[in-house]
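K.L.:
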Amino acid sequence: MGKTKKYCYGFCLLISVAVNILFSINLYVGGDKRQVISNQSTLTWSEKAAEEAEAVAGIYCSGHGRAYLDGLISQGQPVCECFDCYAGSDCSELSPGCAADADSGDPVFFEPFWMQHATDSAVVISGWHRMSYRYADGTTMSKELENYIRKLHSVVGNAVTEGRYIVFGIGSTQLLNAAVYALSSENSSSPSNVLASIPFYPMYKAQTVFFNSKDFQFEGDTNSWQSNNQTNKMDVIEFVTSPNNPDGELKKPVLGGKTIYDHAYFWPHFTPIKGPSDHDLMIFTLSKLTGHAGTRFGWAIIKDKDIYDKVLNYISVADLGISKDTQLRVLKLIKVAVEGDGMPLFEFSYNKMKDRWDRLTSVFSKSTKFSIQQRHPLYCNFFNETRLPSPAYAWVKCEREEDHDCSAVLKAGKIIGRNGSLFSADDRYTRLSLIKSQDDFELLLKRLTELI
Ligand code: PMP
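Under UniProt numbering, the first residue of the sequence shown is numbered 1, with each subsequent residue one higher.
What follows is the structure, given as structure tokens:
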């Protein structure tokens, strides 16, 4: 009996040693397999980054500032970066006489939406994420992202993408000049003439002049050009900005030549969507769609293969394609944008803009000194009802004879706008941005109420 027990103990010991040896082999030799198994259950390498990201996002800045991992650091810790007019370590101190800065078109009004959709919109990037210049198919553009952009346009109904080519750029800014380059006539004895209709976005002129090519030159306003060159069938490239920056108008071409449709603001929060835009060359940007101006991403939708090849070549020569990290992030954001057929995003952004316009028009309605642009209702195919546009900017006119410099008049009332002359218009006009943070908008409204 004692002998049998002894054999049994010996046998069990042997089994136990064998099992341990097998586990050890699996631990050291089967490392890859183990990683696959552990990835399925618990997080490994992403946990630290996630903790870091959530810790910095959780730093208290009184709602009037944000802390970032790549931002200001004090004593080894990230600290609050305060919004305009706020100060103090937690951004709680409002400086009483501060001017309302309505100058830039920073689309920060989307921020609360992304905070509400924090779980769906966060991206994790591994240290080895897409280190190559190219994707597996040899291109520099993510096919999956391109598919989502097409899906987005079909959900919103604002652009035809079937049978069209798409090119990504570093913001739509890069694509504006790529488009001018692609449409301009090489090998011609005279340069192509680039024009836009006053008031126009200053970057069209700035880039065309800066890049200083023998193939294109900036010729200014379409209407003056038309009256001076009526019989002259010259080579023209016209920027058609619809809706327009600064006045929100749905612009149409004036000259009947080649066109670049800048649709930066052609989204349901800024304008009713009458139907899909169907032009040879259309440019869109993430900046005014989701508010991520800092991500620097835009795209062009192009009908003609030769023009597409030229735009692609421009991007390739300028920077060998755009960042793969950016493309991953944009994919994530656009996936959220198309959720619920776009309703959550565009309901949020439209309601925000509508609320701002309702309050703004109520203030301006009391004034005889200042006026803002007229808005006309249109049927919106996206929301299935007639709505007023709610443009990104108020185009303010100083009505009094003596107020030649409207920006100066507003500045005296502690409001910073952008001079009309920057848009090649009269300085009797000033542009006020309505797409900045809620703090910025509240202060703008307060200063306007005081002034008016
Ligand atoms: N087009 C228009 C009319 C704009 O107002 C802007 C930005 N303010 C852009 C293009 C450029 O946008 P981004 O480079 O951020 O895509």
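Idealized CB from N, CA, C, for every residue including glycine.
Let's test the definition: count the other Cβ atoms within 10 Å of the Cβ of residue 316 and tell me whether it reaches 16, buried, or not, exposed.
P.N.:
By the neighbour-count rule (16 or more Cβ atoms within 10 Å), residue 316 is not buried but exposed.
K.L.:
Please state if the CB of residue 332 and the CB of residue 123 are separated by a distance shorter than 9 Å.
P.N.:
Contact: yes.
K.L.:
If you draw a straight line from the C-alpha of residue 370 to the C-alpha of residue 253, how long is it?
P.N.:
Approximately 30 Å between the Cα atoms of the pair.
K.L.:
Can you tell me whether DSSP reads residue 147 as helix, strand or coil?
P.N.:
Note: residue 147 maps to helix in three-state DSSP.
K.L.:
Identify whether residue 49 lies in helix, strand or coil by the three-state DSSP scheme.
P.N.:
DSSP places residue 49 in helix when its eight states are reduced to three.
K.L.:
Any idea what DSSP makes of residue 54, helix, strand or coil?
P.N.:
Here residue 54 sits in helix by DSSP.
K.L.:
Contact between the stretch 388-398 and the stretch 427-436: three or more CB pairs below 8 Å?
P.N.:
Touching, yes, given that three or more Cβ pairs across the two stretches are closer than 8 Å.
K.L.:
For residue 404, does the count of other Cβ atoms within 10 angstroms reach 16, so buried, or fall short, so exposed?
P.N.:
That one is exposed.
K.L.:
Nearest-angstrom Cα distance between residue 44 and residue 129?
P.N.:
Near 16 Å, if we compare the C-alpha coordinates of residue 129 and residue 44.
K.L.:
Measuring alpha carbon to alpha carbon, tell me which of 206, 194, 87 and 274 ends up nearest residue 240.
P.N.:
Per the Cα distances, 194.
K.L.:
From 113, 52 and 134, pick the residue whose C-alpha is nearest to that of residue 344; which is it?
P.N.:
Of 113, 52 and 134, the residue nearest in Cα terms is 113.
K.L.:
How many angstroms separate the CA atom of residue 355 from the CA atom of residue 219?
P.N.:
Straight-line Cα distance between these residues: approximately 39 Å.
K.L.:
What residue range is occupied by the uninterrupted beta strand (DSSP E) comprising residue 240?
P.N.:
Its beta strand (DSSP E) spans residues 236-241.
K.L.:
Can at least three beta-carbon pairs, one atom from the stretch 307-322 and one from the stretch 167-180, be found at a separation below 8 Å?
P.N.:
A contact exists between the stretch 307-322 and the stretch 167-180.
K.L.:
Counting pairs of Cβ atoms below 8 Å between the stretch 259-267 and the stretch 282-294, do you hit three or more?
P.N.:
Cβ pair count under 8 Å is three or more, so yes.
K.L.:
Assign residue 328 to one of three DSSP states: helix, strand, or coil.
P.N.:
Three-state result, residue 328: helix.
K.L.:
Only counting the same chain, and skipping five residues up and downstream in sequence, which positions put a Cβ closer than 7 Å to that of residue 85?
P.N.:
These residues qualify, in order along the chain: 94, 95, 98 and 443.
K.L.:
What residues in its chain sit with their C-beta under 6 Å from that of residue 244, if we drop five residues either side in the sequence?
P.N.:
So the list reads 251, once near-sequence residues are dropped.
K.L.:
Helix, strand or coil: how does DSSP classify residue 428 here?
P.N.:
Residue 428: coil per DSSP, three-state reduction.
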